[in-house]
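Those letters in the sequence shown? Residues 1 to 150, per UniProt numbering, in order.
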Amino acid sequence: MDAFDAAILNVLQEDGQTPFTELGEQVGLSPSACHKRVKELRRSGVIAHQVVIVDERKLGMETSVFIQATLKNQRQATLAAFEKAVSLHREIMECYLMAGLSDYLLRILCRDGADYERIHADILTRLPGVDRVITNFSIRKVLRRTAVRL
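This is the structure in structure tokens:
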């Protein structure tokens with residue numbers, strides 16, 4: 001990856017639908033050169049996905065909840081079963097294996113307290129291997145970045 005690839009990625013991370021003509025003007029390459037580079041960035045997996053980022057609040061998803069989950073043990077089978085189960089629930093937006101006091105950190109998106117209560121009862125308490133969960137409700141989102149600075 002060179003400086004042109006980095007410049008292309010910086011533009012596309014802000015607007016993934018930037019036309020190749022405009023992209024070329026911004027990075028100093030021809031549209032066809034940009035197209036070839038983007039194609040290679042996709043092929044190599046540097047560009048993993050192109051998605052639309054929605055405003056969660058405008059869809060009625062008012063609350064981000066962060067869950068610290070501690071498992072009964074750290075055996076590979078326990079971790080794998082937990083991770084597989086987590087991936088099946090679309091309410092769970094993110095999941096990280098952690099080093100520290102808890103084993104996993106989850107981010108859940110829900111409409112309100114009643115929706116979280118449903119998620120807690122129907123999903124969180126039924127995840128395999130869970131010994132304890134600690135719930136933290138966000139008050140408001142201060143910062144959310146999706147672009148990696150290059």
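Just so it is clear, CB atoms sit at the ideal spot from N, CA and C, and this is done for glycine as well.
The DSSP-derived three-state label of Q76 is helix. In the DSSP secondary-structure assignment, L23 is not bridged to any residue. In this chain, the beta strand (DSSP E) harbouring Q68 covers 63-71. The criterion of a C-beta distance shorter than 8 Å is satisfied by I119 and E91. DSSP, read as helix, strand or coil, puts I92 in strand.
I8 sits in a helix when the DSSP states are folded into three classes. In this structure Y116 is in contact with V65, their Cβ atoms being roughly 6 Å apart against a cut-off of 8 Å.
Classified as buried, G129 has 16 or more neighbouring CB atoms from the shown chains inside 10 Å of its CB.
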